[in-house]
RNA sequence: GGAAGGGUGGCAGAGCGGACUAAUGCGCACGCCUCGAAAGCGUGUGAGGUGAAAGCCUCCGGGGGUUCGAAUCCCCCCCCUUCCGCCA
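In the numbering used here, the protein residues as written are 1 to 429.
Put into structure tokens, the structure is as follows:
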């Protein structure tokens with residue numbers, strides 16, 4: 001959530017900032033009006049409450065003095081006030097809920113540094129790696145689902161048999177590659193990030209804290225019987241680890257990493273990129289996550305992007321970094337860099353990481369604060385998250401990039417320790 | 001799943017219908033003392049909302065109820081501990 005006080009006190013600036021994301025200024029005016037209404041109704045209710053408390057004290061005093069008649073009269077007055085209080089409370093609560101439900105779907109304020117633009121076409125390519133684009137041979141122009149099927153690494157048909165389409169099933173070296181990638185990434189960040197293995201089914205509140213609910217309910221798997229949600233990213237449980245808590249400044253930045261399965265219904269993208277591993281309902285991902293002070297956030301964000309890039313460089317995959325424009329940044333983020341890997345078999349740039357600085361947007365939802373060493377009360381932390389790569393698409397890019405003339409696949413040397421020393425997947429026959 | 005006991009401020013822990021404005025201890029901050037420190041003594045120490053301020057209101061796991069008045073009584077739910085059952 002953004003700070004309602006900012007909306008109240010600096011309405012025009014908020015309209016301008018959210019206007020960059022396509023929010024209608026009239027919506028903000030409506031919110032401001034509703035907020036004013038909420039505050040006045042809270043005031044009216046609290047006045048009556050104060051009256052009731054005062055009367056109750058007098059009743060107690062009258063009882064002690066044995067003045068039953070006076071106690072009765074006061075009780076009667078308080079009963080009437082109680083009725084009014086209930087009515088006023090219903091009104092106040094209702095209006096407050098309306099304000100909150102608007103705030104919950106209102107996106108974060110974009111960073112001033114984020115480029116202008118309305119959609120994906122306006123994103124800016126910040127840099128590419130390697131500087132000189134590689135040249136790919138014909139043997140690399142084979143899509144990973146064909147390579148995977150031929151070498152017995154990937155069996156999409158059997159995955160669909162078990163769970164429906166877009167649920168991959170890896171086999172043999174293909175399965176081991178997924179495991180290797182996860183270990184590789186977690187080990188790579190062990191120097192600065194605490195490894196977490198969180199639950200992957202979470203409460204509604206946990207999903208609301210990151211911004212995945214209520215707005216994107218259609219994208220999430222929900223287990224109705226137990227009212228639990230399957231996480232779309234480890235960012236969800238990691239954000240809520242300190243939900244409702246107040247951290248010490250000395251604890252920050254607090255860095256966490258987790259490898260989990262991620263579940264996405266992909267409701268809005270039916271029919272698009274459905275081949276192979278381009279878009280799947282379940283995939284593995286290693287996430288980097290940090291809570292920081294506002295001052296630390298920019299450096300933390302940069303460092304996180306560098307770490308994601310480091311993984312791609314270590315794997316030898318061609319990629320580019322996109323600075324997302326205001327119109328394309330996700331709900332909770334103020335600024336986001338996407339990493340896209342080039343996959344020669346499908347001849348596409350595949351998004352494999354999204355590194356976001358969410359300022360205090362999620363922290364306000366989740367009520368996560370810290371006590372500054374200098375100064376007054378607790379303030380909201382900033383949250384940052386980034387994929388230390390999503391392995392389904394990396395898997396695809398590795399298999400396509402590594403395909404040799406003879407049909408075999410050569411995997412990066414850095415993975416050798418995780419693959420039992422063997423980085424070659426032989427062609428059949 | 002069954003039984004019992006619990007969930008109170010940063011922590012420990014008392015309170016079990018009206019002075020709760022939540023005791024007390026620890027911790028923390030400041031002061032006194034000291035060459036300096038420890039000890040000791042003193043003072044102060046939760047969060048949120050609203051308001052120019054004084055103040056007012058909310059929060060004792062969550063929700064609902066009883067009452068003039070609820071941390072305290074009743075109902076439902078969640079979580080923790082122990083025991084039993086079941087289970088990878």
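For every residue, glycine included, the Cβ atom is placed at its ideal position computed from N, Cα and C.
query: By a C-beta neighbour count over all protein chains shown, 10 Å radius and 16 as the cutoff for buried, is residue 223 buried or exposed?; result: exposed
query: At the level of alpha carbons, what is the spacing between residue 156 and residue 274?; result: 11 Å
query: Could you give the DSSP three-state label for residue 184: helix, strand or coil?; result: helix
query: Who are the Cβ neighbours of residue 318 in its own chain at under 6 Å, not counting the five residues just before and after it?; result: 134 and 342
query: Taking the straight line between their C-alpha atoms, what separation do you get for residue 140 and residue 95?; result: 60 Å
query: Are residue 243 and residue 209 touching if we call contact CB-CB under 8 Å?; result: yes
query: Here's the rule I'm using: 16 or more other beta-carbon atoms within 10 Å means buried, otherwise exposed. How should residue 313 be labelled?; result: exposed
query: Would residue 90 be called buried (16 or more neighbouring beta carbons within 10 Å of its own) or exposed?; result: exposed
query: Could you give the distance in angstroms between the alpha-carbon of residue 188 and the alpha-carbon of residue 180?; result: 12 Å
query: So, with DSSP's three-state summary, where would you put residue 346?; result: coil
query: Let me check understanding here. Comparing Cα to Cα, which of 379, 277, 250 and 414 lies closest to residue 154?; result: 277
query: Could you check the C-alpha separation between residue 61 and residue 246 for me, to the nearest Å?; result: 41 Å
query: Tell me whether residue 144 sits in a helix, a strand or coil according to DSSP, three-state version.; result: helix
query: Could you have a look at residue 196 and say whether DSSP puts it in helix, strand or coil?; result: strand
query: Are the stretch 328–335 and the stretch 195–207 in contact at 8 Å, needing three or more beta carbon pairs?; result: no
query: Return the bridge partner residues of residue 262 from the DSSP annotation.; result: 283
query: For residue 491, which option in 107, 429, 418 and 428 has the closest C-alpha, if you only look at C-alpha atoms?; result: Residue 491 lies beyond the range of the chain shown here (1 to 429); nothing can be said about it.
query: Going along the chain, which residues of its own chain have a beta-carbon closer than 8 Å to the beta-carbon of residue 447, five neighbours each way excluded?; result: No answer is possible for residue 447: the residues shown for the chain start at 1 and end at 429.
query: Just to check my reading of the structure: residue 296 and residue 253 have Cβ atoms closer than 8 Å, yes? What is that Cβ distance to the nearest angstrom?; result: 5 Å
query: Would you mind listing the beta strand (DSSP E) stretches within the stretch 124–177 that are 3+ residues and don't spill past its ends, in chain order?; result: 124–129
query: When you compare only the Cα positions, how much space is there between residue 127 and residue 305?; result: 12 Å
query: Compute the distance between the beta-carbons of residue 24 and residue 328, then report whether it is under 8 Å.; result: no
query: For my contact list, residue 185 and residue 396 are in at a C-beta cut-off of 8 Å; report their separation, rounded to the angstrom.; result: Contact flag wrong, Cβ pair sits at about 16 Å.
query: Please give me, in chain order, every unbroken run of the alpha helix (DSSP H) with length at least 4 that falls completely inside the stretch 53–108.; result: 68–105
query: From residue 429 to residue 407, what distance separates their C-alpha atoms?; result: 10 Å
query: Where residue 65 and residue 40 are concerned, what is the direct C-alpha to C-alpha distance, given to the nearest angstrom?; result: 38 Å
query: Along the beta strand (DSSP E) that carries residue 228, what are the first and last residues, could you check?; result: 228–230
query: Between which two residues does the alpha helix (DSSP H) holding residue 321 run?; result: Where residue 321 is concerned, there is no enclosing alpha helix (DSSP H), although the beta strand (DSSP E) it sits in stretches over 319–323.
query: Judging by CA-CA distance, which residue of 409, 379 and 315 is the nearest neighbour of residue 129?; result: 315
query: For residue 209, name the three-state secondary structure that DSSP assigns.; result: helix
query: Taking only the alpha-carbon atoms, compute the straight-line gap between residue 147 and residue 398 and give it to the nearest angstrom.; result: 11 Å
query: What are the start and end residues of the alpha helix (DSSP H) that includes residue 301?; result: 294–315
query: How far does the beta strand (DSSP E) with residue 386 in it reach, from first residue to last?; result: 382–390
query: Kindly list the residues whose CB is nearer than 7 Å to the CB of residue 249, restricted to its own chain and excluding five residues on each side of it in sequence; keep chain order.; result: 293, 370, 371, 372 and 373
query: Tell me, to the nearest whole angstrom, how far the beta carbon of residue 283 is from that of residue 391; I am working on the premise that it is less than 8 Å.; result: 6 Å
query: Leaving out the 5 sequence neighbours to the left and right, which residues in its chain are closer than 6 Å to residue 381 when beta-carbon positions are compared?; result: 291, 363, 368 and 370
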